[in-house]
Amino acid sequence: MRSGRGVFTRRALLVMAVQAGVLGALGRRLYTLQVVDGGHLRQLAERNRTSKRLLAPARGTIHDRFGVALADNKVSWRALLMPEETTDIPAVIERFSQIVPLDEHDRARIERDLRHVHKYVPVTLHEFLSWDDMARIELNAPSLPGVLVDVGSTRLYPFKDLTAHIVGYVAPPNEEDVAKDTTLSLPGMRVGRAGIEQTQEAVLRGEPGSVEMEVNAVGRVIGEIDRVEGQQGEDVRLTLDSVLQQQVLNRLEDRVASAVVMDCRNGEVMAMVSTPSFDPSLFDSGVSHAQWNEWANDPRTPLVDKAVSGLYPPGSTFKPAVALAALKSGSVTAQDRFNCPGYYDLGGVRFHCWNRWGHGLINMREGLKYSCDVYFYEVARRCGMDPIQAVGNAMGLGVKLDIELPHVRSGVIPTPEWRQKHGFHWNGGDTVNAGIGQGFVQVTPLALATYVSRIASGRDVQPHLLRATNDQMSAMASVDDVAKVDLPPEYLDVVRGGMFAVVNDPHGTAPKARLDLPGIQMAGKTGSAQVRRVSRALRESGHFNSMNLPWEYRPHALFICFAPYDNPKYAVSIVVEHGNAGADEAAPLAKLIMTDTLLRDPASDVRPPAPVVAPATEPAADRAQPADTAPTPAPQPTGQGQPDPGAAQ
Amino acid sequence: MRRNGMNTFGFLKSDRRLLRAEPDFRPMARLLQVNWLYVLLVCVLAGVGYIALYSAGGGSAKPFAGPQMVRFGFGLVMMIAVSLVSPRILRMASLPIYLLSVTLLALVLRMGHVGKGAERWINLAGMQFQPSEFAKIGLVLMLATWFHRIGNERMGNPLRLIPPALLTLLPVLLVLKEPNLGTATIIGVIGATMFFAAGMRLWQILLLVAPLPFMGKLIYSHLHDYQKARIDTFLHPEHDPLGAGYNIIQSKIALGSGGMWGEGYLHGSQGQLNFLPEKQTDFIFTMIGEEWGFVGGIAVITLLGTLVMGGMLIAIRSRNQFGRLLGLGIAMDFFLYCAVNLSMVMGAIPVGGVPLPLISYGGSAMLTMMFGFGLLMSAWVHRNERDPGTEDDDDD
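So the sequence lines, in the order shown, correspond to chains A and B.
For the first sequence, numbering that gives the first Met the number 0 begins at 0 and goes up steadily by one.
For the second sequence, numbering that gives the first Met the number 0 begins at 0 and goes up steadily by one.
Dropping the structure here:
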């Protein structure tokens with residue numbers, strides 16, 4: 000009989016052998032995994048355990064010349080959602096939106112992010128939360144599982160539209176930026192998109208640091224292993240005076256205009272206003288489509304910095320440059336007199352003087368004083384375009400100015416060659432037109448300020464906005480370091496004298512610009528630049544009045560000036576778009592702005608004018624010799640109108 | 000089979016005679032017959048489980064280690080109690096137990112809890128219960144009883160093998176339907192091993208094994224998508240490192256970071272930092288391997304192997320077919336649990352929800368395993384009962 004036990008024992012032993020074999024194989028595999036491959040797997044484990052994250056550096060701040068912050072960093076909060084920590088994501092988002100409203104755009108973005116990221120990667124619900132929103136979210140935390148609040152940084156522009164064109168703004172980097180510099184993909188990184196923020200990007204941005212953290216399987220940070228502090232962005236100090244900037248803006252009121260106040264001794268831009276402006280902080284979070292369209296389609300071009308990007312015919316403000324060019328080329332002397340009958344015939348075309356009755360027989364000083372067109376038609380014809388261009392360029396007109404702003408336009412001083420390059424023939428009429436700053440001549444307000452600064456100081460000042468980077472004062476702070484312009488001083492004196500006469504002589508074109516400050520005189524030049532040709536028929540009808548034109552066809556009103564006349568410190572240029580007449584619209588503004596500027600001067604002892612304006616006094620003598628002007632008044636301590644002495648630089 | 004038992008009057012008679020032949024079968028005396036060395040090994044294994052769960056709980060008895068020990072205490076008492084039950088009573092109870100387990104399997108299909116895409120759990124009097132665990136014990140009891148009743152000689156008759164084959168197939172199909180491929184395979188293999196050990200003729204085995212490859216193809220085509228996906232991720236875990244392949248990759252990484260000597264108890268970075276999935280249940284061995292290294296891992300495998308081999312030896316030492324098959328079935332069950340779980344965590348076979356017995360956290364697996372060990376011990380305690388007509392079997 001077959002033995003059941005024997006069969007069982009044999010077969011059970013066979014089963015045991017198989018079991019032992021399987022367990023042995025498992026032991027061997029364990030050996031392979033732990034001992035043989037251990038090193039490699041340990042590395043993977045280490046990589047698992049640690050997570051290296053880059054830290055966004057704090058962006059450098061921007062200050063005015065007295066240390067007032069123009070661009071600063073403000074702590075802001077953003078709400079994140081950890082998908083893995085909540086079971087009902089739609090319900091949480093719904094409850095969240097009852098606390099902080101989410102628009103369609105936000106919801107679509109959140110849904111897209113939720114689909115694309117792993118469940119342990121946080122999704123941004125809302126950026127730039129206010130303190131109140133943040134507090135409300137924290138308060139409702141129990142009903143918002145998975146929602147957490149993270150600290151970020153927002154760029155703050157305390158002066159909003161006041162300094163928008165100069166300081167510029169930052170915006171989140173686009174794909175192109177990230178492709179160039181991958182550290183920009185860090186959350187919270189911003190790129191300067193305009194103004195100083197754009198041109199000083201390299202200084203302001205800083206170097207990202209990194210932190211190595213121990214994380215668990217869901218990416219939660221358990222501890223910090225290593226930290227490399229990044230390099231904070233450097234602070235930038237500008238030449239701008241925010242108080243003066245505000246005063247200039249106030250003077251311009253709601254005009255579409257641009258004004259530049261420059262220290263004519265060293266080219267420091269003290270104020271540079273372009274109106275209207277915009278709020279730069281809106282760009283940090285992304286400007287809405289509607290807002291952008293509103294700005295982009297506004298005929299007053301709020302986004303354009305008219306001071307450096309706006310091109311205008313200089314009109315009569317160009318005449319000092321023409322005078323200098325003629326003097327330098329020797330084609331005209333200051334004493335040469337030309338007759339102005341009110342018109343000028345050239346090659347069968349009649350060019351008119353602004354005064355149809357004429358100015359009579361006048362020399363250069365009178366030509367400038369009356370802003371006689373006929374006089375400068377003749378000067379320009381005698382001189383020719385090449386000297387005008389050379390001198391104009393030397394004075395900062397028609398050349399690219401090296402200021403720390405983007406989109407700086409150089410303008411044009413036309414020559415026959417320039418015209419030919421564009422495929423046109425140059426007429427003699429073009430020359431005489433250029434002689435009064437019309438036709439093809441185009442300049443920016445900043446160029447005008449540079450130009451008048453160089454006339455006033457006789458030095459080749461370079462306009463600049465950057466005073467110091469990280470408290471390292473930039474070079475060129477001293478007047479004596481600035482080279483002199485390549486013009487004999489006597490020629491400059493002639494032009495300065497003419498500009499003095501414009502403001503201070505009886506029958507000058509800009510008596511409205513006369514300063515009310517005791518012992519300080521201003522020299523200036525008006526300009527009215529036509530934007531549309533006035534037809535001969537209309538002019539001869541005698542009923543022409545540009546004030547009757549629609550706004551966009553009225554001439555631009557310009558004024559350039561410097562003061563004090565005997566010791567020039569400040570230069571101002573003003574362009575009021577379609578302001579009609581420089582003498583009526585721009586000159587009074589120039590007077591107010593120059594007064595504000597002089598009162599702000601920490602080194603001056605100028606007192607504000609008495610409330611009752613004294614009758615304008617005649618100048619004591621013909622000011623052919625400006626050096627003879629009255630001695631400077633004795634310094635007197637004044638408590639009024641002085642800036643904080645501690646802020647004086 | 001009931002007819003069979005009633006007709007064979009000799010069964011009962013022989014049992015009575017055996018009782019008379021060995022008069023020291025009073026409870027206290029039988030308690031002394033319990034193999035306390037084996038019980039001690041079981042306790043050591045449970046102790047290893049406690050220590051590992053303490054670490055899995057982040058260095059705390061809560062929430063895993065403490066409750067698990069309480070369950071083990073219950074299980075130990077149950078094991079001792081079951082070991083004292085006479086095989087005669089076990090044989091009588093086998094059919095009801097089997098029917099109950101199959102009924103529960105059917106019930107879980109209707110009203111079970113869905114866990115990870117499969118219906119596996121049933122709520123019995125507030126306790127989560129996994130009927131497939133219980134079904135294994137039921138099947139082992141049932142088959143042991145059946146083969147005991149027909150004896151070795153009648154194994155040659157294929158007709159006698161059809162009923163036990165159906166009895167095996169029924170729970171396999173039900174578990175497959177849940178669907179739980181891993182457990183269904185384990186049940187099938189337990190059944191097959193018992194057929195083999197019971198003395199199935201070689202020609203019968205060959206006849207059955209030959210068509211298996213075709214069966215395999217047929218089964219694969221009926222697999223659920225997630226089961227196919229498991230097989231795919233097993234073959235190519237790197238394709239989806241954060242999805243389905245995550246468990247296998249993380250498990251291997253954790254084992255590798257343990258090295259020869261381990262990172263130290265409570266200091267396994269992957270386990271303690273939650274990189275390990277299901278570290279307190281299916282992947283507890285990975286944590287052991289990470290913290291205690293290869294040395295600790297091989298020690299645990301050795302302990303598991305000792306328990307398997309001990310169970311097999313108990314089976315071999317039994318003088319009756321019921322005890323032999325019961326012991327072998329339980330030992331095989333325990334072995335398959337260990338082998339499948341270890342292969343799984345070492346990335347050798349596709350992942351399936353099979354715990355490491357007595358170490359993984361979980362109530363029903365622990366209690367059914369302890370019940371099984373009780374049956375095994377019963378086979379040991381009653382090893383000297385003899386089958387009728389085989390008194391002269393060679394023995395030690």
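All C-beta atoms in this analysis are idealised placements derived from N, C-alpha and C, irrespective of residue type, glycine included.
Quantities reported herein were computed from a predicted structural model and do not represent experimental measurements.
Smallest Cα separation from D149 of chain A: which of A:P505, A:R77 and A:V169? Closest in C-alpha terms to D149 of chain A, from the list A:P505, A:R77 and A:V169, comes A:R77.
Chain B residues whose Cβ lies nearer than 7 Å to that of A57 of chain A: Chain B residues near A57 of chain A: none, gap ~31 Å exceeds 7 Å.
Where A16 of chain A meets chain B, residues with beta-carbon distance less than 9 Å: From the beta-carbon of A16 of chain A, no residue of chain B is found nearer than 9 Å; the closest lies around 10 Å away.
Start and end residues, alpha helix (DSSP H) containing E126 of chain A: From DSSP, E126 of chain A is part of no alpha helix (DSSP H) but of the beta strand (DSSP E) over V122 to L128.
Checking the sheet assignment: what are the DSSP bridge partners for V74 of chain A? Answer is A:S152, bridged to V74 of chain A.
So, is M311 of chain B buried or exposed, given that buried needs 16 or more other C-beta atoms within 10 angstroms? It counts as buried.
Contact set between T144 of chain B and chain A, taken where Cβ atoms lie within less than 8 Å: Result: empty, since nearest Cβ-Cβ is about 15 Å, beyond 8 Å.
Which same chain residues end up closer than 8 Å to D335 of chain A when comparing Cβ atoms and leaving out the 5 residues on each side of it in sequence? Cβ neighbours of D335 of chain A beyond the five flanking positions: N362 and M363.
Rounded straight-line distance, which links the Cα of L251 of chain A to that of L588 of chain A: C-alpha separation (whole angstroms): 7 Å.
Check this for me: beta carbons of N265 of chain A and R154 of chain A, under 8 Å apart or not? No, the Cβ-Cβ distance between N265 of chain A and R154 of chain A is not below 8 Å.
Helix, strand or coil at E211 of chain A according to DSSP, with G and I counted as helix: E211 of chain A: strand per DSSP, three-state reduction.
Distance, Cα to Cα, M214 of chain B vs G187 of chain B? Take the alpha-carbon of M214 of chain B and the one of G187 of chain B: they are about 13 Å apart.
Can a CB atom of chain A be found closer than 8 Å to the CB of Q279 of chain B? No, no contact with chain A.
In terms of residue numbering, what span does the alpha helix (DSSP H) encompassing Y369 of chain A cover? Element bounds for Y369 of chain A: M363 to Y369.
For K483 of chain A versus G457 of chain A, is the C-beta spacing smaller than 8 Å? The Cβ atoms of K483 of chain A and G457 of chain A sit closer than 8 Å to each other.
Identify whether V303 of chain A lies in helix, strand or coil by the three-state DSSP scheme. The answer is coil: DSSP assigns V303 of chain A none of H, G, I, E or B.
Contact criterion: CB-CB distance below 8 Å. Does R1 of chain A meet it with respect to chain B? Only weak support exists for where R1 of chain A lies, its pLDDT of 48 falling under 50; the value from the coordinates is given anyway. R1 of chain A counts as touching chain B.
Any idea what DSSP makes of Y264 of chain B, helix, strand or coil? Looking at Y264 of chain B - three-state DSSP - the assignment turns out to be coil, as it is neither helix nor strand.
Restricting to Cα atoms, I'd like to know which of A:L404, A:H358, A:T430 and A:D180 is closest to Q388 of chain A. The candidate whose alpha carbon is nearest that of Q388 of chain A is A:T430.
Below 8 Å, can you find three or more Cβ-Cβ pairs linking the segment 365-373 of chain A to the segment 310-330 of chain A? With a cut-off of 8 Å, the segment 310-330 of chain A and the segment 365-373 of chain A count as touching, because enough Cβ pairs lie within range.
Find the residues of chain A that neighbour V307 of chain B, judging by a C-beta separation of less than 9 Å, and give them in chain order. Within chain A, the residues near V307 of chain B are M15, Q18, A19 and L22.
When you compare the CB positions of I283 of chain B and I358 of chain B, do they come within less than 8 Å of one another, or not? Yes; because the gap between Cβ atoms is below 8 Å, this pair is in contact.
Mind listing the chain A neighbours of M345 of chain B? Cutoff is C-beta to C-beta under 7 Å, in chain order. Within chain A, L25, R28, L29 and L32 have C-beta atoms less than 7 Å from the C-beta of M345 of chain B, given in sequence order.
Beta-carbon contacts of P62 of chain B that lie in its chain and below 7 Å, excluding the five residues immediately before and after: So the qualifying residues of the chain are G56.
Around the Cβ of S129 of chain A, are there at least 16 other Cβ atoms within 10 angstroms (buried) or fewer (exposed)? S129 of chain A counts as exposed, since fewer than 16 other beta carbons sit within 10 angstroms of its beta carbon.
Between the Cα of L203 of chain A and those of A:D176, A:L598 and A:V169, spot the shortest distance and give me the residue it belongs to. Answer by Cα proximity: A:V169.
What does the Cβ neighbour count give for Q67 of chain B, buried or exposed, with the cut at 16 atoms within 10 Å? Q67 of chain B sits buried, since 16 or more C-beta atoms from the chains shown fall within 10 Å of its C-beta.
Step through the CB atoms of chain A and report whether any lies within less than 8 Å of the CB of R323 of chain B. At least one C-beta of chain A is nearer than 8 Å to the C-beta of R323 of chain B.
Would you list, in chain order, the members of the segment 192-209 of chain B that have their beta-carbon closer than 7 Å to a beta-carbon of chain A? Flagged, chain order: T192, F195, A196 and G198.
Residues near M259 of chain B in its chain [Cβ-Cβ closer than 7 Å; skip 5 each side]: The answer, listed in chain order, is G292, F293 and V294.
Alpha-carbon spacing of T182 of chain B relative to L108 of chain B, whole angstroms: Taking the Cα positions, T182 of chain B is about 15 Å away from L108 of chain B.
Mind pulling the chain B residues with CB within less than 7 Å of T8 of chain A? Listed by position along chain B, the residues whose Cβ is nearer than 7 Å to that of T8 of chain A are I315.
So is K420 of chain A buried or exposed if we call it buried at 16+ other beta carbons inside 10 Å? Result: exposed.
Any beta carbon from chain A within less than 8 Å of K251 of chain B's own beta carbon? Yes, contact with chain A.
Under the three-state DSSP convention, the category S359 of chain B falls into: It is coil, neither helix nor strand.
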